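Peer 1: Sharing a structure below in structure tokens format, with a few things to ask.
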Amino acid sequence: MEQNAILVNFEKRTAEIDVSTNQIFVVKDGLVIAIDPPASGYGNQVAVWMGGKVDRVESTELRKLK
257 MEQNAILVNF
267 EKRTAEIDVS
277 TNQIFVVKDG
287 LVIAIDPPAS
297 GYGNQVAVWM
307 GGKVDRVEST
317 ELRKLK
């Protein structure tokens, strides 16, 4: 799972994201972290919260049978 940081304008408290890609975005401590979808296109992603913040994202990849 690749994580890409997104540029944030801290003065305006805004971030610009590319809406042409399917991703989940997590905001933690003022940073926006992009979470890529499972490579197979099938799976689950769960955000695990600790102390009021996202601590990690757990991914499970599935394989669809035809």
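Note that the numbering used here has the sequence shown beginning at 257, numbered continuously upward. C-beta: ideal position from N, C-alpha, C; glycine also. Just so we're clear, the structure is a prediction, and the values are computed from it rather than from any experiment.
Report the three-state DSSP secondary structure of R312 (helix, strand or coil).
Peer 2: Within the sequence shown, numbered from 1, the residue matching residue 312 stands at position 56. Correct three-state label for R312: strand.
Peer 1: Excluding five sequence neighbours on each side, which residues of the same chain lie with their C-beta closer than 7 Å to the C-beta of K320?
Peer 2: Numbered from its first residue, the sequence shown carries residue 320 at position 64. Cβ neighbours of K320 beyond the five flanking positions: Y298.
Peer 1: Spatial neighbours of V304 within its chain, please: C-beta separation below 8 Å, excluding the five flanking residues on both sides.
Peer 2: What you label residue 304 is simply residue 48 of the sequence shown in a count that begins at 1. Taken in chain order, the residues that qualify are V310, D311, R312, V313, E314.
Peer 1: State buried or exposed for E258, treating a residue as buried only when at least 16 other CB atoms are found within 10 Å of its CB.
Peer 2: Here residue 258 corresponds to residue number 2 of the sequence shown, with the count starting at 1. Note that E258 has pLDDT 46, beneath the 50 cutoff, so the model's placement of it is unreliable and no number is given.
Peer 1: Three-state secondary structure (DSSP) at K268?
Peer 2: If you number the sequence shown from 1, residue 268 lands on position 12. Correct three-state label for K268: coil.
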